[in-house]
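Undergrad: Before anything else, here's the structure in question.
There are 2 protein chains.
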Amino acid sequence: MAKHDPHLDLLFHALSDPTRRMMLNRLARGPAPVTELAGPTGFKLPTILRHLSVLEEAGLVSTQKDGRVRSCVFQPKAMEPMTDWLDAQRKVWEARLDRLDDYVMNLMKEREK
Amino acid sequence: MAKHDPHLDLLFHALSDPTRRMMLNRLARGPAPVTELAGPTGFKLPTILRHLSVLEEAGLVSTQKDGRVRSCVFQPKAMEPMTDWLDAQRKVWEARLDRLDDYVMNLMKEREK
DNA sequence: ATCATGCTTAGCCATGTTGCTAACTATACA
DNA sequence: TGTATAGTTAGCAACATGGCTAAGCATGAT
Chain G
1 MAKHDPHLDL LFHALSDPTR RMMLNRLARG PAPVTELAGP TGFKLPTILR HLSVLEEAGL
61 VSTQKDGRVR SCVFQPKAME PMTDWLDAQR KVWEARLDRL DDYVMNLMKE REK
Chain W
114 MAKHDPHLDL LFHALSDPTR RMMLNRLARG PAPVTELAGP TGFKLPTILR HLSVLEEAGL
174 VSTQKDGRVR SCVFQPKAME PMTDWLDAQR KVWEARLDRL DDYVMNLMKE REK
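Heads up: the sequence lines are chains G and W, in that order.
Letter 24 of the first sequence, counting from 1, is numbered 24 in the numbering used here, and no numbers are missing.
Here the numbering used here runs 113 ahead of the position in the second sequence, where the first position is 1.
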């Protein structure tokens, strides 16, 4: 378990904004140029570009310029460190439940004596 | 799919900080008082209390005062909206892969003619 | 060559976040 | 009663975030 993983910070932070989640959701349906990402949000292009760069820094989106159009592509692999953390966290929690279980079982055995 | 769920913002934001993740990790092992949460982080109590309130507002931790000690408890259920969103996102992505598959299959059939 | 399109950059503003210290309250213990 | 313990609150400083406008640049169409 990493003590503090800066990449995780970037990932969770990137997803903490509804506009960025909306953009990601669009991109999950397939690549799109910046303007198309901006459309449904109602925000201006510079704002969207900033959100996009946050997504890129988190590794969630990669972009490539083709002529004057920048095409944005969702990178699902980037999610993994996050789901890994969530799984690890759940494991710790479940181990705790198991220990609680043992504890309760022992209590009951004691009672039976 | 909710247009913009403020709760998701709070959840992802709460997890975007390494100190808060460390605190949660400790709490997954079982309840703890504030001072014990602060210990390994090296931060002062007021700082930890602010982090704690972020976790509480996200619903990830509930606290209760017993005498002069505040006991903090991890609330795993609070994670659900987040994992639900991740699952939904993955579903969209996989549906896209399926469509791509169909597309490639059609291309190959065309070629055979 | 000119114009429209699609970004891109610079820079401003308001607000939010994260750390701190200092001072306070409330409970337990002697 | 007095003292140590465990939080708590107020408020400050530095920096990050999220929106904008205005101006610029590169490419495609005419």
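We put the beta carbon where it would ideally sit given N, CA and C, even for glycine.
Reducing DSSP to helix, strand and coil, say where Met105/G ends up.
TA: helix
Undergrad: Taking only three categories from DSSP, how would you classify Arg181/W?
TA: coil
Undergrad: Chain W beta carbons: is any one of them nearer than 8 angstroms to that of Gly39/G?
TA: It does not: the Cβ of Gly39/G has no partner Cβ on chain W nearer than 8 angstroms.
Undergrad: Taking 8 angstroms as the CB-CB limit, is Gly42/G close to chain W?
TA: By this cut-off, Gly42/G is not an interface position.
Undergrad: With a threshold of 16 other CB atoms inside 10 Å of the CB of Ala95/G, please say whether the residue is buried or exposed.
TA: exposed
Undergrad: Which of helix, strand or coil does DSSP assign to Phe125/W?
TA: helix
Undergrad: What first and last residue would you give for the alpha helix (DSSP H) that runs through Ala38/G?
TA: 34 to 38
Undergrad: Any beta carbon of chain W sitting closer than 8 angstroms to that of Asp17/G?
TA: yes
Undergrad: Under a three-way DSSP split, which group does Arg133/W fall into?
TA: Helix, per DSSP.
Undergrad: Leaving out the 5 sequence neighbours to the left and right, which residues in its chain are closer than 6 angstroms to Thr19/G when beta-carbon positions are compared?
TA: Within the same chain, Thr19/G has close Cβ partners Thr41, His51.
Undergrad: I want to see whether chain G comes within less than 8 angstroms of Asp122/W, judged by CB atoms only; does it?
TA: yes
Undergrad: Closer than 8 angstroms, CB to CB, is Trp206/W near chain G or not?
TA: Taking Cβ atoms only, chain G reaches closer than 8 angstroms to Trp206/W, which makes this a yes.
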